[in-house]
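Protein chains: 2
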Amino acid sequence: MSLTVVGSIAFDSVKTPFGERERMLGGSAVHFALAASFFTDVVVVGPVGEDFGDEEIAVLDAHGVDTADIERVPGGETFFWQGHYDHDMNVAHTDDTRLNVFADFEPKLSQNSCESQMLFLGNIQPDLQRGVRRQSSASFAALDSMNLWIDTARDSLVAAIAEVDCLLLNDAELRMLTGEPNLARAARQTLALGPSVVVAKRGEYGALLFSEEGSFAIPGLPLEDVRDPTGAGDSFAGGFLGYLDGVRVRGEHDHRSLRQAMVYGSVMASFNVEDFGTARVAALEEAEIAERLAEFKRLTEFESQSLNA
Amino acid sequence: MSLTVVGSIAFDSVKTPFGERERMLGGSAVHFALAASFFTDVVVVGPVGEDFGDEEIAVLDAHGVDTADIERVPGGETFFWQGHYDHDMNVAHTDDTRLNVFADFEPKLSQNSCESQMLFLGNIQPDLQRGVRRQSSASFAALDSMNLWIDTARDSLVAAIAEVDCLLLNDAELRMLTGEPNLARAARQTLALGPSVVVAKRGEYGALLFSEEGSFAIPGLPLEDVRDPTGAGDSFAGGFLGYLDGVRVRGEHDHRSLRQAMVYGSVMASFNVEDFGTARVAALEEAEIAERLAEFKRLTEFESQSLNA
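Chains as they are written, first to last, in the working numbering: chain R, 1 to 309; chain H, 1001 to 1309.
Following this line, the structure appears as structure tokens:
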């Protein structure tokens, strides 16, 4: 089992009502890889500049993430994002984006990253995502995207979605993609585009999974300490796909494993938001994952006896 | 077992992207009573005008709701609300409110309505809610309110909250009441005001329960047909408290019954929104409730086995 992720590797400067941090390790591929590393072997593909040092690589190394396919661009600078959150932590406000080496990124998979059984296409231009999908021999591919590509490259995005097995988007983006305000209908229309699984991420409200076999919903954990939601969606995807790749040896993805995967995604996202950047997930102990899984169980469990039972 | 509800009885004119209806039977006490009537005996207290006819009373009668305490004001007109919803059905836009007989409402409980073991104070001025609470000998009282009273009568509302066992509010209203943007903290601060149970209603996202014994979260059912969300919160409260009153004969409210009650509240709210006004709940068959309970179970169920199990 192994899982390749292609996406951004970044420095993030973030300010929230609970503090401020400069140039933290971030990016969709990094948040994804750290979360997924608790469940399976992960290979990261993405570009960095000369400002990306051993210290950053060491964070990934410490989790057994394969960093051999991280491409260091001579004379380049790493992708940089600066943003802030007000009291509504569901909404990120971007203050500065410098694509730097990410602007000319043309992902090329190595023999090793091609051969992963599972592929995650982090949020990059959809034609690049399609190029990666064609290079990969993965039997299961998932894709994340964003409002920018729905606005500026909708046809490419729809083509990319048709070529993957699973789409993960925010609920507002699913509505935007389909032009359908009802989420259940939007998800059905998205399934008709090709994927067998559609996941609607809903921030603090949790996440919903739609497939031909039915729907699954998991609420968010009502956390008292939410410091920085940056990367929560990628940590969700990392827990979700990492778990699926980890259990794949036991057979196909049935609806039971998809449900479990949704909970592990939620577990990893819930850790992600508790501290700035990758701090919480990078320092996570395996036992904490089991504890939080039990917390989600306690949060959602009820008896199914009917009135007259 | 019996459950008294004090609140508005209204005519509602509603327009949504899915249609338009004039002067439908509505109001918090009506939506609540119809939903609760599937679980326990319900007594409705509230004022109506001379325009409120036998046809409206018949809808309540058909569900065994005790309408003897509905006060008909000579020469008066029934409370009227007109509103619309755009594609975001979570937000109601008010176009007209005529309080009519509701403006001078001074609730007086009869011997019968005083003696209910459970009391629901629908969304009315908080000093009126306190007056009703004092008249009632209910051993369990719950209260709903709204942003208007948080803005204009905060001290009265806080005093009313201190005198009940359970508070139901929208999540945004809980944040507004406490001035605390984090919902889990807002709920903890609200529990400190007096109630042993706080329920945060979250529209299509579901609902959260907070108590000393822990939290419970139920997501909303992803419905493809949402025609009119008016009254969904009151239908939720009706299913929630109706179930609790119905099982009360079996003992105190433990956390297990509170969880079940949250699911029955969600079941009744999910029916409420599927058609205009009270149409769907008024025509509901008991078997549909059991079916939808099973749907909620399928939607939320997952195994709790940990990674190494």
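Ideal Cβ placement from N, Cα and C applies to all residues, glycine included.
Review point. What's the C-alpha gap between residue 270 (chain R) and residue 68 (chain R)?
Key: Translated into positions along the first sequence, residue 270 (chain R) becomes position 270. Translated into positions along the first sequence, residue 68 (chain R) becomes position 68. Taking the straight line from one Cα to the other gives about 29 Å.
Review point. Taking DSSP as the reference, what is the three-state secondary structure of residue 295 (chain R)?
Key: What you label residue 295 (chain R) is simply residue 295 of the first sequence in a count that begins at 1. It is helical.
**Study point:** Buried or exposed (CB count within 10 angstroms, at least 16 for buried), residue 173 (chain R)
**Key:** In the first sequence, residue 173 (chain R) corresponds to position 173, counting from 1. Per the 10 Å Cβ criterion, buried.
Exercise for review: Check whether the segment 1255-1262 of chain H touches the segment 1066-1085 of chain H, counting contact only when three or more Cβ pairs, one atom from each stretch, lie closer than 8 Å.
Suggested key: Segments in contact, no.
Point to revise | Proximity below 9 Å, CB of residue 132 (chain R) to CB of residue 166 (chain R) | key: Locating residue 132 (chain R) in the first sequence gives position 132, counting from the first residue. Locating residue 166 (chain R) in the first sequence gives position 166, counting from the first residue. Judged by beta-carbon spacing, residue 166 (chain R) lies beyond the 9 Å limit of residue 132 (chain R), meaning their Cβ atoms are not closer than that value.
Review point. Going by the CB atoms, is the gap between residue 232 (chain R) and residue 93 (chain R) shorter than 9 Å?
Key: Translated into the one-based positions of the first sequence, residue 93 (chain R) becomes position 93. Translated into the one-based positions of the first sequence, residue 232 (chain R) becomes position 232. Not closer than 9 Å, so no.
Review point. Taking Cβ to Cβ, would you say residue 218 (chain R) is nearer than 9 Å to residue 1219 (chain H)?
Key: Residue mapping note: residue 218 (chain R) aligns to position 218 of the first sequence, counting from 1. Residue mapping note: residue 1219 (chain H) aligns to position 219 of the second sequence, counting from 1. Their beta carbons are under 9 Å apart, which means residue 218 (chain R) touches residue 1219 (chain H) by this criterion.
Point to revise | Residue-chain proximity (residue 3 (chain R), chain H), Cβ-Cβ < 9 Å | key: To locate residue 3 (chain R), count along the first sequence from 1; it is residue 3. Answer no: the Cβ-Cβ gap between residue 3 (chain R) and chain H never drops below 9 Å.
Exercise for review: Please confirm if the segment 1241-1248 of chain H is in contact with the segment 1204-1211 of chain H, defined as three or more CB-CB distances below 8 Å between the two stretches.
Suggested key: No, the segment 1241-1248 of chain H does not touch the segment 1204-1211 of chain H.
Review point. Looking only at C-alpha atoms, which of H:1017, H:1010, H:1063 sits nearest to residue 1051 (chain H)?
Key: What you label residue 1051 (chain H) is simply residue 51 of the second sequence in a count that begins at 1. Of the listed residues, the one whose Cα sits closest to residue 1051 (chain H) is H:1010.
Exercise for review: Under 7 Å between beta-carbons, which chain R residues line up against residue 1300 (chain H)? List them in chain order, please.
Suggested key: Position 300 of the second sequence, counted from the start, is the residue given in the question as residue 1300 (chain H). Below the 7 Å Cβ cutoff, chain R contributes 217, 300 as neighbours of residue 1300 (chain H), in chain order.
**Study point:** Closest Cα partner of residue 84 (chain R) within the set R:3, R:2, R:13
**Key:** For the purposes of this step, residue 84 (chain R) is identified with residue 84 of the first sequence, where counting begins at 1. R:13 is the residue among R:3, R:2, R:13 whose C-alpha sits nearest the C-alpha of residue 84 (chain R).
Check your understanding: For residue 71 (chain R), does the three-state DSSP call read helix, strand or coil?
Key -> Taking the first sequence and counting its residues from 1, one reaches residue 71 (chain R) at position 71. When secondary structure is reduced to three states using DSSP, residue 71 (chain R) falls in the strand class.
Point to revise | Short CB-CB distance (under 9 Å) between residue 229 (chain R) and chain H | key: By 1-based counting over the first sequence, the position of residue 229 (chain R) is 229. No, its Cβ sits nowhere closer than 9 Å to a Cβ of chain H.
**Study point:** Unbroken stretches of the beta strand (DSSP E), 3 residues or longer, contained in the segment 194-280 of chain R
**Key:** With a minimum length of 3 residues, the continuous beta strand (DSSP E) runs that stay inside the segment 194-280 of chain R are 197-201, 207-211, 214-218.
Review point. Which term fits residue 1154 (chain H), buried or exposed, when burial requires 16 or more other beta carbons within 10 angstroms of its beta carbon?
Key: Residue mapping note: residue 1154 (chain H) aligns to position 154 of the second sequence, counting from 1. When all chains shown are included, residue 1154 (chain H) counts as exposed.
Review point. For residue 1295 (chain H), which residues from the same chain have a beta carbon less than 7 Å from its beta carbon, with the 5 sequence-adjacent residues on both sides left out?
Key: In the second sequence, counting from the first residue as 1, residue 1295 (chain H) sits at position 295. The beta carbon of residue 1295 (chain H) is closer than 7 Å to those of 1221 in its chain, skipping five residues each way along the sequence.
**Study point:** residue 56 (chain R) versus residue 78 (chain R): straight-line alpha-carbon distance, rounded
**Key:** Translated into the one-based positions of the first sequence, residue 56 (chain R) becomes position 56. Translated into the one-based positions of the first sequence, residue 78 (chain R) becomes position 78. If you take the alpha carbons of residue 56 (chain R) and residue 78 (chain R), they lie about 12 Å apart.
Review point. So, is the C-beta of residue 1212 (chain H) closer than 9 Å to a C-beta in chain R?
Key: Taking the second sequence and counting its residues from 1, one reaches residue 1212 (chain H) at position 212. Cβ-Cβ to chain R under 9 Å: no for residue 1212 (chain H).
Point to revise | Pairwise C-alpha distance: residue 145 (chain R) and residue 1062 (chain H) | key: For the purposes of this step, residue 1062 (chain H) is taken as residue 62 along the second sequence, with counting starting at 1. For the purposes of this step, residue 145 (chain R) is taken as residue 145 along the first sequence, with counting starting at 1. Whole-angstrom Cα-Cα distance: 52 Å.
Check your understanding: Taking the continuous beta strand (DSSP E) assigned at residue 1118 (chain H), which residues delimit it?
Key -> As a first step, residue 1118 (chain H) must be located in the second sequence, where it is residue number 118. For residue 1118 (chain H), the enclosing beta strand (DSSP E) has its first and last residue at 1118-1121.
Check your understanding: So residue 83 (chain R) is in the beta strand (DSSP E); what residue range does that whole segment cover?
Key -> The residue labelled residue 83 (chain R) in the question sits at position 83 within the first sequence. Start and end: 79-84.
**Study point:** Contacts around residue 184 (chain R), its chain only, beta-carbon distance under 8 Å, and the 5 residues preceding and following it disregarded
**Key:** The residue given as residue 184 (chain R) occupies position 184 in the first sequence. Cβ within range, chain order: 210, 215.
Exercise for review: Kindly indicate the opening and closing residues of the beta strand (DSSP E) around residue 147 (chain R).
Suggested key: As a working mapping, residue 147 (chain R) is identified with position 147 in the first sequence. For residue 147 (chain R), no beta strand (DSSP E) run applies; the uninterrupted alpha helix (DSSP H) run containing it begins and ends at 147-152, by DSSP.
Practice item. Classify residue 309 (chain R) as helix, strand or coil using the three-state DSSP reduction. Key: Position 309 of the first sequence, counted from the first residue, corresponds to residue 309 (chain R). Here the model assigns residue 309 (chain R) a pLDDT of 44, short of 50, so the residue's position is not dependable and the matter cannot be decided.
**Study point:** Interface residues of the segment 1281-1294 of chain H facing chain R [CB-CB below 8 Å]
**Key:** Within the segment 1281-1294 of chain H, the qualifying residues are 1286, 1289, 1290, 1293, 1294.
Check your understanding: Can you find a CB in chain R that lies within less than 9 Å of the CB of residue 1062 (chain H)?
Key -> Within the second sequence, residue 1062 (chain H) is the residue found at index 62, counting from 1. It does not; no Cβ of chain R falls within 9 Å.
Check your understanding: Which chain R residues sit within Cβ distance under 8 Å of residue 1304 (chain H)?
Key -> As a position in the second sequence, residue 1304 (chain H) is number 304, starting the count at 1. The answer, in chain order, is 293, 294, 297.
Check your understanding: Using a Cβ cut-off of 7 Å, which residues of the segment 142-169 of chain R contact any Cβ in chain H, in chain order?
Key -> Contact residues of the segment 142-169 of chain R toward chain H are absent (C-beta to C-beta distance below 7 Å).
Check your understanding: Start and end of the alpha helix (DSSP H) containing residue 26 (chain R)?
Key -> Reading the first sequence from its first residue, position 26 is the one you call residue 26 (chain R). Residue 26 (chain R): not part of any alpha helix (DSSP H); member of the beta strand (DSSP E) spanning 19-26, first to last residue.
Point to revise | Coarse secondary structure for residue 36 (chain R), derived from DSSP in three states | key: Here residue 36 (chain R) refers to the residue found at position 36 when the first sequence is read from its first residue. Residue 36 (chain R): helix per DSSP, three-state reduction.
Review point. Is the CB of residue 182 (chain R) under 9 Å away from at least one CB in chain H?
Key: Residue mapping note: residue 182 (chain R) aligns to position 182 of the first sequence, counting from 1. True, the Cβ-Cβ gap to chain H drops below 9 Å.
Check your understanding: Over what stretch of residues does the alpha helix (DSSP H) that includes residue 177 (chain R) continue unbroken?
Key -> Here the question's residue 177 (chain R) lines up with position 177 in the first sequence. Per DSSP, residue 177 (chain R) belongs to the alpha helix (DSSP H) from 171-178.
Review point. Using a Cβ-Cβ distance under 9 Å, would residue 1268 (chain H) count as near chain R?
Key: Reading the second sequence from its first residue, position 268 is the one you call residue 1268 (chain H). Cβ-Cβ to chain R under 9 Å: no for residue 1268 (chain H).
Practice item. Determine the DSSP secondary structure at residue 181 (chain R), reduced to helix, strand or coil. Key: Mapped onto the first sequence, residue 181 (chain R) falls at position 181. The answer is coil: DSSP assigns residue 181 (chain R) none of H, G, I, E or B.
Point to revise | Residue-level contact to chain R via CB, residue 1098 (chain H), 9 Å cutoff | key: As a first step, residue 1098 (chain H) must be located in the second sequence, where it is residue number 98. Taking CB atoms only, residue 1098 (chain H) has no neighbour in chain R less than 9 Å away.
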